[in-house]
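Peer 1:
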Amino acid sequence: MKILVIAETKESKLKSTALEMISFCQQAKIPFDLLTLGPAEDAHTLGAETCIGVHQILSARDSASLVAQHLPAYTLILGTASLAGKDLFARVSAQSMRHLYQDVTQLALQGETLTITKPIYAGKAFAKIEVNTVPALVTVRPNALGVHLTEQENTSTQTNKSEATTTTDREVLTKVEQGQSERPDLTESRVVISGGRSLKNSENFNILWQLADCLGGTVGASRAAVDAGYATHAMQVGQTGKTVSPKVYVACGISGAIQHLAGMKTSKHIIAINTDPDAPIFKIADYGIVSDLFELVPKLTEKLS
Amino acid sequence: MAHLLTESWINEFFFIAVVLSASSFFGFTIASRIKSILPGPQDNRFDQPFKRIKNIFKHVFAQSKMWRRPSIGLAHFLIFWGFCMVSLGTIAFLLEGLRFHVGWAQNFIFLGIQDFFTVLVIAAVLFAFFRRLVLKPNHVRLSGDALFILGMILCLMVTDLCIDGASATLKGELKSQAWASFSLAHFLGFPNWSPSVLAGFHLVNWWIHLITVFLFLCYLPFSKHFHVITAAPNIFFGTLIPWGRMKTLDLENSEHFGVDRLDQLSWKQKLDTLACTECGRCSDACPATTMGKKLDPANIIINLRHHLEHKDVNTSLHGQTISEEELWACTTCAACMHACPLTIEHIPAITDMRRHLVLMEGKMPEEAMLALRNLEQKGNPWGISEQERESWLDTQGITPLNEGDSVDLLFWIGCAGSFDDRSKKIVLAMIKILNHAKISFGVIGKHESCTGDPARRIGNEYLFQMLVQGNVEALNKFNYKKLLTICPHCMNSLKHEYQEFGLYNSKILHHSVFIKELMDKGLIRLKEAQASQTVTLHDSCYLTRYNDIVDAPREALKSVPGTQLIEMKRHGKSNFCCGAGGGRMWMEEDKSARVNVQRAEEAVQTGAQTLITECPFCMTMMRDGTRAMSEKERADPMVVKDIAEWVSEHLA
Numbered sequence: 017m018k019i020l021v022i023a024e025t026k027e028s029k030l031k032s033t034a035l036e037m038i039s040f041c042q043q044a045k046i047p048f049d050l051l052t053l054g055p056a057e058d059a060h061t062l063g064a065e066t067c068i069g070v071h072q073i074l075s076a077r078d079s080a081s082l083v084a085q086h087l088p089a090y091t092l093i094l095g096t097a098s099l100a101g102k103d104l105f106a107r108v109s110a111q112s113m114r115h116l117y118q119d120v121t122q123l124a125l126q127g128e129t130l131t132i133t134k135p136i137y138a139g140k141a142f143a144k145i146e147v148n149t150v151p152a153l154v155t156v157r158p159n160a161l162g163v164h165l166t167e168q169e170n171t172s173t174q175t176n177k178s179e180a181t182t183t184t185d186r187e188v189l190t191k192v193e194q195g196q197s198e199r200p201d202l203t204e205s206r207v208v209i210s211g212g213r214s215l216k217n218s219e220n221f222n223i224l225w226q227l228a229d230c231l232g233g234t235v236g237a238s239r240a241a242v243d244a245g246y247a248t249h250a251m252q253v254g255q256t257g258k259t260v261s262p263k264v265y266v267a268c269g270i271s272g273a274i275q276h277l278a279g280m281k282t283s284k285h286i287i288a289i290n291t292d293p294d295a296p297i298f299k300i301a302d303y304g305i306v307s308d309l310f311e312l313v314p315k316l317t318e319k320l321s
Numbered sequence: 007m008a009h010l011l012t013e014s015w016i017n018e019f020f021f022i023a024v025v026l027s028a029s030s031f032f033g034f035t036i037a038s039r040i041k042s043i044l045p046g047p048q049d050n051r052f053d054q055p056f057k058r059i060k061n062i063f064k065h066v067f068a069q070s071k072m073w074r075r076p077s078i079g080l081a082h083f084l085i086f087w088g089f090c091m092v093s094l095g096t097i098a099f100l101l102e103g104l105r106f107h108v109g110w111a112q113n114f115i116f117l118g119i120q121d122f123f124t125v126l127v128i129a130a131v132l133f134a135f136f137r138r139l140v141l142k143p144n145h146v147r148l149s150g151d152a153l154f155i156l157g158m159i160l161c162l163m164v165t166d167l168c169i170d171g172a173s174a175t176l177k178g179e180l181k182s183q184a185w186a187s188f189s190l191a192h193f194l195g196f197p198n199w200s201p202s203v204l205a206g207f208h209l210v211n212w213w214i215h216l217i218t219v220f221l222f223l224c225y226l227p228f229s230k231h232f233h234v235i236t237a238a239p240n241i242f243f244g245t246l247i248p249w250g251r252m253k254t255l256d257l258e259n260s261e262h263f264g265v266d267r268l269d270q271l272s273w274k275q276k277l278d279t280l281a282c283t284e285c286g287r288c289s290d291a292c293p294a295t296t297m298g299k300k301l302d303p304a305n306i307i308i309n310l311r312h313h314l315e316h317k318d319v320n321t322s323l324h325g326q327t328i329s330e331e332e333l334w335a336c337t338t339c340a341a342c343m344h345a346c347p348l349t350i351e352h353i354p355a356i357t358d359m360r361r362h363l364v365l366m367e368g369k370m371p372e373e374a375m376l377a378l379r380n381l382e383q384k385g386n387p388w389g390i391s392e393q394e395r396e397s398w399l400d401t402q403g404i405t406p407l408n409e410g411d412s413v414d415l416l417f418w419i420g421c422a423g424s425f426d427d428r429s430k431k432i433v434l435a436m437i438k439i440l441n442h443a444k445i446s447f448g449v450i451g452k453h454e455s456c457t458g459d460p461a462r463r464i465g466n467e468y469l470f471q472m473l474v475q476g477n478v479e480a481l482n483k484f485n486y487k488k489l490l491t492i493c494p495h496c497m498n499s500l501k502h503e504y505q506e507f508g509l510y511n512s513k514i515l516h517h518s519v520f521i522k523e524l525m526d527k528g529l530i531r532l533k534e535a536q537a538s539q540t541v542t543l544h545d546s547c548y549l550t551r552y553n554d555i556v557d558a559p560r561e562a563l564k565s566v567p568g569t570q571l572i573e574m575k576r577h578g579k580s581n582f583c584c585g586a587g588g589g590r591m592w593m594e595e596d597k598s599a600r601v602n603v604q605r606a607e608e609a610v611q612t613g614a615q616t617l618i619t620e621c622p623f624c625m626t627m628m629r630d631g632t633r634a635m636s637e638k639e640r641a642d643p644m645v646v647k648d649i650a651e652w653v654s655e656h657l658a
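Chains as they are written, first to last, in the working numbering: chain A, 17 to 321; chain B, 7 to 658.
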């Protein structure tokens, strides 16, 4: 049994989603190879037998051809259920005519049998599926596996593949421009601290940023706050903004209009801070704190840091 | 218009040559225009002929829509009727050129009336020049085309008077009944001119007049003034179907959905483009144009015409001719259609093109995609579990009906009423009124799902039909006499679009109308007035323009003791949209200033204490708008309430 991990990278580093899959392989003690789509300086220290590093940026179609070429040597191909990952795996599946399991939330290996858990009927239920096709294509939802890395000796051999340099694609990807933020993407972050109109101005958002930085998270905003110019549209969480599902969502001074709830109701733990005890946000919050966020949030940051 | 028949055969030869070549050129142009609009899907516009003729009287002869702007309405009315009268003269002029004797044209009463209208037309044309060159109203596009046409009309009228004056003087029949030409002749001193000079003057004017008549005729089809010819047929063929009923697509047997190319627009939709006279009334009324977005309904129609005239029929309309940004900016509020004096149908053209984007190319704003996915999976645009429709009702002690139950009044709660906390209060207020009036009612709980209005207006006909089938099946399981809803969008769809899919009973009432009915029946007792309270009413487009509901909510409000209604400048059928219609509720509005903020400003300007809405989505938009305004002005936001809440708060 051998696994191929398709790793996404960001700024020459593996993304945390890749580290999650690597820790899974390490814990299950299964040999694995790493295919990094983009440069990754830290890839070869993680115990992969071979690192296939593709240093140029490939289009989804070219990446798919590359993965499809390597496919026969493995029993399981793991990837991330991100937008790019789902796109890539759908293409690989179509090109290689293999079964595909997207958006998997749990992976279990017992001997040679692989059991996966994935949401069905738009999240109304979870299906446990025993996978008995080889190779299986699986994309894992971010934050589902968790990172438990053990440092490995530098054993892997880095090979640079160049098969995909000649492209037949009509679209050629030349550059990916990252947003300026060094913090995690809003949609991938494990922790999101969101602020509403009651923050009163954009400077006050700093107290949310301080808490977010201390928890390794990022900051979102309600539409009202964006409308009022306190936050950028890229930070907007809700029906017409970003849909997020972090492990922890902290809603500060957000009343919880339905348009906002639609964008964050799938968060694992929702913590609401609001001065109005009747705010609808408390109805869906796991923990509610009736308090002034200007007092509470800095205190929280102080305690946690 | 008497004309001095010259003996010269050369004159006659040229006359016939001009008439023949100009008429055949005109005929050829018209024929090719008709040919260019014919290919396309079937669109029967020959039904209900009497209603159509009535519309001709209303919109052509009486020019009802033009009078909304009284001064330009009067000018246009005079030009129109003057032109008709003068045209009789022109016919006589041509017949006489062909040596027919036209007795009535020599009649002095006729000449007097002719003169009267000629002068009126001159006055109206001068006013039009003044308006375009000096007043320059916002919506009027200054074009050489318009000035050229006005110039030609002026030339026709002036030469006409000169011809009449000169010819009457030559014949020695200068009489005061033809007062305008009579005065002109005297003013210019014709009787003192030598006959040969006067004859020459007459001949020159006669030819200028003749050539201008035909130049005008031949130029028409190439200019926006083609509406002189296309307006009447366009009004005759105007839609008689309720605006709120979109054309149903045959999903089983069609190969293509929506409009990508011109031959997918019906002949009437193409006739619309030839009828547009670029008056800009639609642009003026359009919320998107007003807020400075790329969409301008007039441009949609004008660009379609350019495409029709200059591009191959097989080229796509999307991209160069019509951009996606324009299509997605439309709130389907139908202010454009209401404003258009020529009954052009902008909205169906826009939604048909959206259908192509969504159903054929899968192109739409990302947020719209999310709303559609939620509709598909959960039956509501927010993607909340269907179970919650009932669990909320349960907390209010309302048990849904069982299948097969009979009830007089079925209360269709709708998605907003079921899931949105603010809208739930509207439902509760309505229930309080029903209980007060001792009206028994039933709800169907989780059998409801979205009526599909946003899906259909965004362009996803497939999803719409799926939702309709589910709802029709559900509703047909219950026996009810009337349906009641707090949402104008639910109402519009259920009323106009569901019968086609097999809904047995689509007698559906909006709550504002129902409240008015209850008041009329004396079932509602209201508190005595304590103090005078001022309110202003934000109309819902889907009530006013789509369903003709203007007076009922006003009368209901006025019946509440102490309530004083202050109207906004744009109200009733001319109301300004809140910005949420046509699926815009589910899309981000980041291209310009927001429609709802503009509307909230108008509401605040009335000085009224409370803003009344009739639709849960208007409510959301107006609440956001008034809050954004209060942010700016550092004041408490204006209070926004639904009409049901207003009435229920004043129950005795």
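Glycine included, C-beta positions come from ideal geometry on N, C-alpha and C.
Count the other C-beta atoms from every protein chain shown that fall within 10 angstroms of the C-beta of Ser178 of chain A, then say buried if there are 16 or more, exposed otherwise.
Peer 2: Note that Ser178 of chain A has pLDDT 45, beneath the 50 cutoff, so the model's placement of it is unreliable and the number below is only indicative. Classification for Ser178 of chain A: exposed.
Peer 1: Quick one: grab the DSSP three-state call for Gly420 of chain B.
Peer 2: Here Gly420 of chain B sits in helix by DSSP.
Peer 1: What do you reckon, are the CB atoms on Ser182 of chain B and His208 of chain B nearer than 7 angstroms?
Peer 2: no
Peer 1: Indicate whether Val163 of chain A and Leu227 of chain A have their beta-carbon atoms separated by less than 7 angstroms.
Peer 2: No. Outside cutoff.
Peer 1: In the structure shown, what three-state DSSP assignment does His502 of chain B receive?
Peer 2: helix
Peer 1: Who are the Cβ neighbours of Ala106 of chain A in its own chain at under 8 angstroms, not counting the five residues just before and after it?
Peer 2: Leu116, Gln118
Peer 1: What does Trp398 of chain B touch in chain A if you count any residue whose Cβ is under 7 angstroms from its own?
Peer 2: Here the premise fails: no neighbours, minimum Cβ distance about 11 angstroms.
Peer 1: What number of angstroms, rounded off, separates the C-alpha of Lys522 of chain B from the C-alpha of Glu561 of chain B?
Peer 2: The alpha-carbon atoms of Lys522 of chain B and Glu561 of chain B are separated by roughly 7 angstroms.
Peer 1: Within a Cβ cutoff of 6 angstroms, which residues of the same chain sit near Met163 of chain B, ignoring the five residues on either side of it in sequence?
Peer 2: Thr124, Val127, Ile128
Peer 1: Using 7 angstroms as the limit for Cβ to Cβ distance, is Phe623 of chain B near chain A?
Peer 2: no
Peer 1: Anything in chain A within Cβ reach of Phe425 of chain B, meaning under 8 angstroms, just list it in chain order.
Peer 2: Ile274
Peer 1: Return the residues of the segment 632–656 of chain B that lie within a Cβ-Cβ distance of less than 8 angstroms from chain A, sorted by chain order.
Peer 2: Arg633, Ala634, Glu637
Peer 1: Is any beta-carbon of chain A found at less than 7 angstroms from that of Gly46 of chain B?
Peer 2: no
Peer 1: Can you name the start and end residues of the alpha helix (DSSP H) that Ala124 of chain A belongs to?
Peer 2: Careful: Ala124 of chain A lies outside any alpha helix (DSSP H), inside the beta strand (DSSP E) at 122–126.
Peer 1: With distances taken Cα to Cα, identify the nearest neighbour of Leu125 of chain A among A:Leu316, A:Leu215, A:Val147.
Peer 2: For the options A:Leu316, A:Leu215, A:Val147, the alpha carbon positioned closest to that of Leu125 of chain A is the one of A:Val147.
Peer 1: Check whether the segment 518–537 of chain B touches the segment 566–577 of chain B, taking contact to mean three or more Cβ pairs, one atom from each stretch, closer than 8 angstroms.
Peer 2: yes
Peer 1: Mark Pro55 of chain B as exposed unless 16 or more other C-beta atoms lie within 10 angstroms of its C-beta, in which case mark it buried.
Peer 2: Answer is exposed; the Cβ neighbour count stays below 16.
Peer 1: From the DSSP output, in three-state form, read off His285 of chain A for me.
Peer 2: strand
Peer 1: With Phe263 of chain B as the anchor, note down where its alpha helix (DSSP H) starts and where it stops.
Peer 2: Element bounds for Phe263 of chain B: n/a, residue is neither H nor E.
Peer 1: Does the beta carbon of Val25 of chain B come closer than 7 angstroms to any beta carbon on chain A?
Peer 2: no
Peer 1: Is it right to say His516 of chain B is buried, meaning 16 or more other beta carbons lie within 10 angstroms of its own, or is it exposed?
Peer 2: buried
Peer 1: Scan the segment 537–561 of chain B and note each continuous alpha helix (DSSP H) run of 4 residues or more that stays entirely inside, going in chain order.
Peer 2: 547–553
Peer 1: Can you pull the chain B neighbours of Pro262 of chain A, defined as C-beta to C-beta under 7 angstroms?
Peer 2: Scanning chain B for C-beta atoms nearer than 7 angstroms to the C-beta of Pro262 of chain A yields nothing, as the closest lies near 17 angstroms away.
Peer 1: Short check: CB of Lys102 of chain A to CB of Thr52 of chain A, under 7 angstroms?
Peer 2: no
Peer 1: Measure from the C-beta of Gly389 of chain B to each C-beta in chain A and report whether the shortest distance is under 7 angstroms.
Peer 2: yes
Peer 1: Determine whether the Cβ of Glu331 of chain B lies closer than 7 angstroms to any Cβ atom of chain A.
Peer 2: no
Peer 1: Quick one: is Thr491 of chain B buried, meaning 16 or more other Cβ sit within 10 Å of its Cβ, or exposed?
Peer 2: buried
Peer 1: Quick check on Asp411 of chain B - is its C-beta less than 7 angstroms from some C-beta in chain A?
Peer 2: no
Peer 1: At least one CB of chain C closer than 7 angstroms to the CB of Asp243 of chain A: is that the case?
Peer 2: In the structure shown, chain C does not exist; the protein chains are A and B.
Peer 1: Which value, in whole angstroms, describes the spacing of the CA atoms of Asn466 of chain B and Leu489 of chain B?
Peer 2: Going from the Cα of Asn466 of chain B to the Cα of Leu489 of chain B covers about 26 angstroms.
Peer 1: So which residues on chain A does Asp596 of chain B lean against when the C-beta distance must stay under 8 angstroms?
Peer 2: Counting only Cβ-Cβ distances below 8 angstroms, Asp596 of chain B has contacts in chain A at His249, in chain order.
Peer 1: Look up Leu532 of chain B in the DSSP assignment and say whether it is helix, strand or coil.
Peer 2: Per DSSP, reduced to three states, the secondary structure at Leu532 of chain B is strand.
Peer 1: Among B:Ser429, B:Tyr504, B:Thr540, B:Lys501, whose alpha-carbon lies nearest the alpha-carbon of Met628 of chain B?
Peer 2: Distance check between Met628 of chain B and each of B:Ser429, B:Tyr504, B:Thr540, B:Lys501 places B:Ser429 closest, using alpha-carbon atoms only.
Peer 1: Answer with buried or exposed for Glu332 of chain B, where buried requires no fewer than 16 other C-beta atoms within 10 angstroms of its C-beta.
Peer 2: buried
Peer 1: My understanding is that Leu524 of chain B touches Val541 of chain B, with C-beta atoms under 8 angstroms, so please give their C-beta distance in whole angstroms.
Peer 2: That pair is no contact at about 19 angstroms.
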